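The structure appears right after this line, and notes come after that.
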């Protein structure tokens, strides 16, 4: 009796039970009574594939191509779920516990659904299918397998018992539906939602890891590793940074963070420091101190999850981490730390007992996506679409959040519409899962006012005089009027941040029309492939351009420095982030000018930002001829206080209602949103991906892509493309699907080959969205 080809069902069930129990044992949580939680977790693991015992599945697993029956007949999850629910009833588990376990097991190969809808599907046709499966089990063989798996003494491996359980479950289904409807009306807590995700995550992670890693790897993937609490201190001691006033201020901030007392009853912290004040090192150091304290006092080893909003900043932070570990004599080891995002290389290397181990592709994918590491650097999307999700692939790593230390860097980038929902879920995770949170930013929205500040914020904002902000927002002006008003200084560098790609292109062309030397100017937007974009950012950082024209992509976290910054009108937090690209190191006096640009119909800002944020910003800046950096903290505090008072929480409230009623999927209603509808990044219209053959390497990459598509084995295609994905993405841009000038579609993606490059791509401005002037 097999669970996988050539792999006994008993071995898989026992392996999944051992892994899920191991994962649970690493945690100290208040989610439920520890003894009952341990039993529930064990029973879920041992029953999750029990339905594979019927002859239809056994025929399929031993010879998939020869199986002739309808696909539903070889299914196993629903039968396993029904049997577990009835087993738990005999164990005295209440309705909620039984239904939770039923949902977890039924959906362990798919995505979570509305739990009420699951029970509505329990009709006569479903019952007839399950009865055929029950009658097709070799119960003697099953009893032997379950004895090997550790459930041999239950005496329930008989056709009579299973048939009776099946009848009883369908008889009880109506009362269970009534229970769910009543429970949905009464529940006001997020703890049940957290509990479902936690147990679901334990099962699917153990299931996938047992099949994809344990069965294939010779080394212990689940081993935990130490990271010294003084890792950052040792790194800093090896540096020879110049002794400047700004560096002394950075060191003062770091020491204040280092000396902050740690009270484990406090789960929320914040680090609000001006741009360029060393928040990355300081927050990582505090996280390591907190980890060491938790391990010493509670005997558990928390993971550190460092999240950032943008891929460019993740690469920057990953490079810092690589340098930190290398400086401490630690080479590549993904069990210690890894970077995870949708374009991350599928490669996992570790060292154990001085031996190096390289996981194969399937195992590496599971290890990376399952966050099998002590320190994970990842995106907001990966974090928030793990905690607000119904998706199997996303939820698999949810249990790793238990007891973890979660760093939210550039916290102001989290959309306000979700503040209330995130706040309440974080509070539930702190209470139920023992999570700790650190929010860091130069523009902290203080959405957790009770969070402990790691520094005296005023002491770092007030002394700074790196930049002065000059709001010129009384009258809107066109791009042409704006360019003519710029007073240039040949000795200074300039950054212009525009609100839309088209306005940035227009501004760039107008600069050239006014006589600016093209060699002095770099253009940045998402219509330029990532490889070339990164090259230009590095070149600008090295001083190769006097002028950079960019969209907002350059704002948060990008380590780039200019004497003068001009920002088209935007919400105040965006303006302050733009100011962080000016005179970062305090070597001179920086200027940040804010202007209101229009296309003669409306402000460019109105195409991107909501009216409330813009109105608050205009009110706060109006009448100020000059705002010094020391005043930024007061202004941004007023901005977020006003924003919190004026913005609607309606979307958060409807999402919370969906979570509290375990409404994982379905249609939106007046009062609730299904969890599956959560989107951290709102789409700005339908997009199409376009591959740009920018250079000879791009030609080779696309040829390799075409060779992969010709492979017959879909699993091999997926594996080979995963190894190419990182290089492939360096040449991919996203353009509006309804753009005037569309490229040909090749293999399902927009394609601009070398032969047609000039027709679709401008080497300075990127993709040509309009076809005017082209000769065909």
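In the numbering used here, the protein residues as written are 676 to 1451. Built from N, CA and C at the ideal position, the CB exists for glycine as well. The structure displayed is predicted, hence computed values, not measured ones.
Checklist entry - Do residue 955 and residue 1015 come within 8 Å of each other at the CB atom, strictly closer than that value? => result no
How about residue 907 and residue 959: do their beta carbons lie closer than 8 Å?
yes
### Message
Which of the three DSSP states is assigned to residue 918 in this structure?
### Response
It is coil, neither helix nor strand.
**Message:** So for residue 1426, helix, strand or coil by DSSP?
**Reply:** strand
- Pick helix, strand or coil for residue 747, following the three-state DSSP scheme. helix
Quiz item: According to DSSP, which residues form a beta bridge with residue 1268?
Solution: 1145, 1241
- Query: Exposed or buried, which one is residue 1107 when buried takes at least 16 other CB atoms within 10 Å?
  - Reply: buried
6 Å CB neighbourhood of residue 735 in its chain, flanking five on each side removed: 742, 749
- Task: Kindly indicate which three-state DSSP category residue 1005 falls into: helix, strand or coil?
- Result: Here residue 1005 sits in coil by DSSP.
* To do: Using alpha carbons as the reference points, say which of 876, 1141, 945 lies closest to residue 694.
  => 876
Residue 1256, buried or exposed, once every other Cβ within 10 Å from all chains shown has been counted against 16 | The C-beta of residue 1256 has 16 or more other C-beta atoms within 10 Å across all chains shown, which makes the residue buried.
key: Other residues of its chain near residue 631: CB distance less than 6 Å, five sequence neighbours each side excluded   = Because the chain in this structure spans residues 676 to 1451, residue 631 falls outside the shown range and cannot be described.
- Query: residue 841 to residue 802, Cα distance in whole Å?
  - Reply: 8 Å
>> For residue 779, report the span of its alpha helix (DSSP H) as first-last.
In response: DSSP places residue 779 inside the alpha helix (DSSP H), whose first and last residues are 770-781.
Subject >> Selected residue, minimal CA-CA separation from residue 1128, among 997, 776, 947 >> reply: Minimum Cα distance to residue 1128 is reached at 947.
Self-check item: Exposure label - residue 1433; buried when at least 16 CB within 10 Å
Solution: exposed
Can you tell me which of 688, 1284, 715 puts its alpha carbon nearest to the alpha carbon of residue 617? It is not possible to answer for residue 617, since the shown part of the chain is limited to 676 through 1451.
Next on the checklist: Can you tell me whether residue 1225 is helix, strand or coil according to DSSP?
Outcome noted: Strand.
Check each candidate in 718, 751, 930 and name the one with the smallest Cα separation from residue 764. 718
Contained alpha helix (DSSP H) runs [length at least 4] in the segment 800-834, N- to C-terminal order
814-824
(request) Could you please give the first and the last residue of the uninterrupted alpha helix (DSSP H) stretch that includes residue 700? (result) 684-700
Do you know how far the Cα of residue 1320 is from the Cα of residue 1338? Taking the straight line from one Cα to the other gives about 29 Å.
Cβ distance (whole Å) where residue 1136 is taken to contact residue 1308 below 8 Å
4 Å
Test item: CB-CB of residue 1076 and residue 1104 under 8 Å
Taking 8 Å as the Cβ cut-off, residue 1076 and residue 1104 qualify as a contacting pair.
Identify whether residue 884 lies in helix, strand or coil by the three-state DSSP scheme. helix
Please decide whether residue 1209 counts as near chain C, where near means a Cβ-Cβ distance under 8 Å.
-> Structure shown: chain C not included; a single protein chain is present.
Fill in: Extent of the continuous alpha helix (DSSP H) run through residue 956
954-973
| said: As a quick exercise: from 1140, 1406, 1421, pick the residue whose alpha carbon is nearest that of residue 1436. | reply: 1406
- Compare the C-alpha of residue 761 against each of 991, 851, 1421, 1248 and name the closest. 851
- Item | Beta-carbon contacts of residue 703 that lie in its chain and below 7 Å, excluding the five residues immediately before and after | 973, 975, 1078, 1109
(Q) Checking 8 Å against the spacing of the C-beta atoms, do residue 830 and residue 689 come in under that value? (A) No. Outside cutoff.
| said: To the nearest angstrom, how far is the alpha carbon of residue 918 from that of residue 936? | reply: Inter-residue distance for residue 918 and residue 936 is about 28 Å (C-alpha atoms, whole angstroms).
Between which two residues does the alpha helix (DSSP H) containing residue 1067 stretch? Unbroken alpha helix (DSSP H) run through residue 1067: 1067-1070.
Exercise for the section: Check the DSSP bridge columns for residue 1303 and list the partner residues they point to. Expected result: 1143
> Would a C-beta distance cut-off of 8 Å place residue 712 and residue 869 closer than the cut-off?
Replying inline: no
- Query: Is the distance from the Cβ of residue 1197 to the Cβ of residue 1179 below 8 Å?
  - Reply: no
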